[in-house]
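Take a look at the structure set out below.
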Amino acid sequence: MSANTRFVELMSRMLDDAISDEELVELQTLAEADPTLRSQLVDHLLLDSLLDENLGQEPLTALVDLIGESSDPLIPTAPVPTSIRMHSGLSKTVITRRWPRMSGWLVLAASLLFVVSFFSMRGNREAYAKATQIVQAAMHAHAAPIERIYVVDVKRGETNDPRFEFPRNVRVATQGDRFWVQMRGYREWAWGRNEQGAIWMTLGPKRAVVVNPNEMGLPLRYIGDLYTLNLETLLQNFLKHCRLEMSDGPADSTIIVATPRRQWSNRPLQRATIEVDRETKAIRKLVIEREFEHASSISTFTLVDSRLADESLYGPEGHLSEPYRIFSNEMSATRRRELVTNWFGPTSEQWMKIQEILPNE
Amino acid sequence: MQNSNSSEIVALIARHQTRLRGLVRCLLVRGADVDDLLQEVNSVLWEKANDFETGTDFWAWASQIARFKALNHIRKFSRDRLVFDDKLLNELADLAHERLSQIDHRRDALEGCLNELPPPQRQLIDLRYAGGHAIESIAEIIGRPQASIRQTLYRVRQALLACIEAKLQFEGGAT
């Protein structure tokens, strides 16, 4: 085997995190002896870095980065619970809401009903009938206990603001209005939204923090709504103010495009496109194009997998190893915010709003 | 730190993340260590923000600090992780510094090149980088031996490098 062939083999093993001590010594010896091999090594390492940056899942700065979009006046506000009972010790948060929680299929159905109503208003009976079928089938499809995996890609356009420079790919597992995301990187962590609408995030393998809906700062609430694909909260506002067009899409899908009406055109939304699988009625793709004062963004949700859900992964417990601690209401919001800030950095202070914590906090 | 300088330095550090990440990656054996070291480098740049003179070349200033910090940190890594030896580290850092001047062009070209990959190759790259799968896992998903997956991944990377070079030449972006 030639030195070059062996070098390629060793370099591939290194790039794929599978190199042993002995192999690394061998790789170094080869690289030090030949400048062209060193050059080749740097080319591959830089490519690896670019691929990781371009395609890799969110590193620790994930939430901080998305906060860049929080100035969007379209940011939806999640229903706020009217009362929260708190228990000390090992108790869990018990939340009652004025509005019953809408499960995912209901949310989807509600959103698509908007589409139906608009087609109905326009007297397009054929489209109406078709949309009705989509709604009914979608209700059925989304009632099943199936987890859908979407890749969420937020791309920013040309801008002078460096906060908007990073395209990101995040793989989100969703079921109803719950979700979880595994963050990859040197420090792996997970976060998600539970049935009560609270956001949880792991701080290493032994600790997690739960942020209740009334404690969430705007960025956290926004990202939560974004990742659950909560179509009602995401689309309701602008569906009311948009022209809707329905057409046949690629590979047996139906496309619904929403564009703002004239009187609403000063809003950031430029266009929303929903691609629904004609057979399974699952939303295959949702693209939201927006234009801000200093930046533009295209958020794309692409369905990549559907499978039976592992329920344990929708809470922090499924991502921690025994013995672990989950900090919820038994710990003051101020203290939990300190934990979050220590872990994620100063920008994460905005993720929790302390002033609205209930008196017994 | 003065406020005006602090906001400027934050913007500059953010704008140079691709370069800093590239520099850090070229010095590390394991890709999984990049985020950790990049965070250290960002912190030290932030701490030294007062030393930066507004209007001067940020990258010239930052890359020196980043290199110094990264090399020091890697020496600490060496107790429990695989690292390159000092001689090779310095040679790699020099080479990386040369290449990083055109990293932004390379990043743009890469996006086009990824879109041009045939679907099976793109799937492989997505599994490795978007999915974060190890070779063992990819081999299981695709149903091919690990050695074959590793070899194909190398070929795809080579193809991407060639494509990037071609695009840079075509667009006159290469220096």
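Read top to bottom, the protein sequences are chains A and B.
Counting from 1, one number per residue, gives the positions in the first sequence under my numbering.
Counting from 1001, one number per residue, gives the positions in the second sequence under my numbering.
From the three backbone atoms N, C-alpha and C, an ideal C-beta is built for every residue, glycine too.
DSSP state of residue i, grouped into three classes?
i: V1024 of chain B; result: helix
i: D1080 of chain B; result: coil
i: V1041 of chain B; result: helix
i: L1114 of chain B; result: helix
i: R271 of chain A; result: strand
i: S91 of chain A; result: Confidence at S91 of chain A is low in this model, with a pLDDT of 27, below 50, so its placement is unreliable and the value that follows should be read with caution. Three-state DSSP puts S91 of chain A in coil, outside helix and strand.
i: K155 of chain A; result: strand
i: M362 of chain A; result: Since the displayed chain A opens at 1 and closes at 361, residue 362 of chain A lies outside it and no answer follows.
i: Q133 of chain A; result: Bear in mind that the predicted position of Q133 of chain A carries a pLDDT of just 47, short of 50, making it unreliable; the figure below should be weighed with that in mind. Correct three-state label for Q133 of chain A: helix.
i: D305 of chain A; result: strand
i: Q1102 of chain B; result: coil
i: V1156 of chain B; result: helix
i: E165 of chain A; result: Unreliable positioning characterises E165 of chain A in this predicted model, as indicated by a pLDDT of 36, which lies under 50. The coordinate reading is nonetheless provided below. Coil, per DSSP.
i: Y1129 of chain B; result: helix
i: L320 of chain A; result: coil
i: I255 of chain A; result: strand
i: V1165 of chain B; result: Residue 1165 of chain B is actually Glu in this sequence, not Val. DSSP places E1165 of chain B in helix when its eight states are reduced to three.
i: D21 of chain A; result: helix
i: T280 of chain A; result: coil
i: E349 of chain A; result: helix
i: T174 of chain A; result: strand
i: D248 of chain A; result: strand
i: T1054 of chain B; result: coil
i: Y128 of chain A; result: Bear in mind that a pLDDT of 36 at Y128 of chain A, under 50, signals an unreliable position, so the number given afterwards is only what the model happens to contain. Looking at Y128 of chain A - three-state DSSP - the assignment turns out to be helix.
Using a Cβ-Cβ cut-off of 8 Å (strictly less than) and excluding sequence neighbours within five positions of residue i, which residues of its own chain qualify?
i: R1021 of chain B; result: V1034, L1038
i: L1124 of chain B; result: I1138, I1142, I1149, T1152, L1153, V1156
Give the range of the beta strand (DSSP E) segment to which residue i is assigned.
i: M201 of chain A; result: 199-202
i: W189 of chain A; result: 189-193
i: Q196 of chain A; result: Note, Q196 of chain A: premise wrong, no beta strand (DSSP E); not H, not E.
i: M216 of chain A; result: Note, M216 of chain A: premise wrong, no beta strand (DSSP E); not H, not E.
i: A1032 of chain B; result: Looking at the DSSP string, A1032 of chain B is not in any beta strand (DSSP E), and its letter there is neither H nor E.
With a threshold of 7 Å on Cβ separation, who are the neighbours of residue i within its own chain once the five nearest residues in sequence on each side are excluded?
i: E23 of chain A; result: L10, R13
i: R278 of chain A; result: D252, S253, T254
i: C1163 of chain B; result: C1113, E1116
i: L339 of chain A; result: L203, V209, F327
i: H1073 of chain B; result: L1037, E1040
i: L1100 of chain B; result: R1019, G1022, L1023
Please tell me whether residue i and residue j are closer than 8 Å, where the distance is taken between their beta carbons.
i: I256 of chain A; j: I274 of chain A; result: yes
i: L1114 of chain B; j: R1107 of chain B; result: no
i: V1029 of chain B; j: F1084 of chain B; result: yes
i: A31 of chain A; j: L41 of chain A; result: yes
i: L45 of chain A; j: I1103 of chain B; result: no
i: W351 of chain A; j: G217 of chain A; result: yes
i: L1168 of chain B; j: H1105 of chain B; result: yes
i: K206 of chain A; j: S321 of chain A; result: yes
i: A1062 of chain B; j: L1045 of chain B; result: yes
i: C1009 of chain B; j: A1066 of chain B; result: The identity of residue 1009 of chain B in the sequence shown is Ile, whereas the question assumes Cys. No; because the gap between Cβ atoms is not below 8 Å, this pair is not in contact.
i: G315 of chain A; j: N194 of chain A; result: yes
Which residues in the same chain have their Cβ closer than 6 Å to the Cβ of residue i, if we skip the five residues on either side of it in sequence?
i: C1026 of chain B; result: L1092, A1096
i: V152 of chain A; result: V170, V172, F301
i: S306 of chain A; result: I146, R148
Comparing alpha-carbon positions, which option in the options lies nearest residue i?
i: A3 of chain A; options: A:E26, A:A18, A:D17; result: A:E26
i: V211 of chain A; options: A:T174, A:T334, A:S312; result: A:T334
i: I48 of chain A; options: B:D1051, B:S1043, B:F1052, B:T1018; result: Going by the sequence as given, residue 48 of chain A is Asp instead of Ile. Among B:D1051, B:S1043, B:F1052, B:T1018, the Cα nearest to that of D48 of chain A belongs to B:T1018.
i: L1160 of chain B; options: B:Q1169, B:L1110, B:P1120; result: B:L1110
i: K1076 of chain B; options: B:D1036, B:I1065, B:E1053, B:Q1064; result: B:D1036
i: A272 of chain A; options: A:P250, A:F301, A:N329; result: A:F301
i: V181 of chain A; options: A:E195, A:Q196, A:G197, A:T202; result: A:T202
i: P323 of chain A; options: A:A208, A:L220, A:P250, A:S348; result: A:A208
i: E311 of chain A; options: A:D52, A:P35, A:R148; result: A:R148
i: V276 of chain A; options: A:W200, A:D248, A:T259, A:S39; result: A:D248
i: G192 of chain A; options: A:R337, A:R178, A:M331; result: A:R178
i: W189 of chain A; options: A:R325, A:I288, A:G204; result: A:G204
i: F1058 of chain B; options: B:R1015, B:R1144, B:S1078; result: B:R1015
i: N329 of chain A; options: A:I288, A:R221, A:I199, A:L37; result: A:I199
i: N214 of chain A; options: A:G197, A:I283, A:R284; result: A:G197
i: P250 of chain A; options: A:L220, A:R284, A:V154, A:H319; result: A:R284
i: I1135 of chain B; options: A:S332, A:D17, A:L50, A:E245; result: A:D17
i: M183 of chain A; options: B:A1147, B:E1140, B:Y1129, B:R1144; result: B:Y1129
i: S1078 of chain B; options: A:D21, A:H319, A:E53; result: A:D21
i: L220 of chain A; options: A:L286, A:L15, A:E349; result: A:E349
How is the alpha helix (DSSP H) around residue i delimited, first residue to last?
i: P1120 of chain B; result: 1119-1125
i: S312 of chain A; result: From DSSP, S312 of chain A is part of no alpha helix (DSSP H); its letter is neither H nor E.
i: I1142 of chain B; result: 1135-1142
i: M183 of chain A; result: Element bounds for M183 of chain A: not the alpha helix (DSSP H) but the beta strand (DSSP E), 178-183.
i: A3 of chain A; result: 3-15
i: N54 of chain A; result: 35-55
Cβ-heavy atom distance between residue i and the ligand GDP below 7 Å?
i: F1052 of chain B; result: The ligand GDP is not among the ligands present in this structure, which contains no ligands whatsoever.
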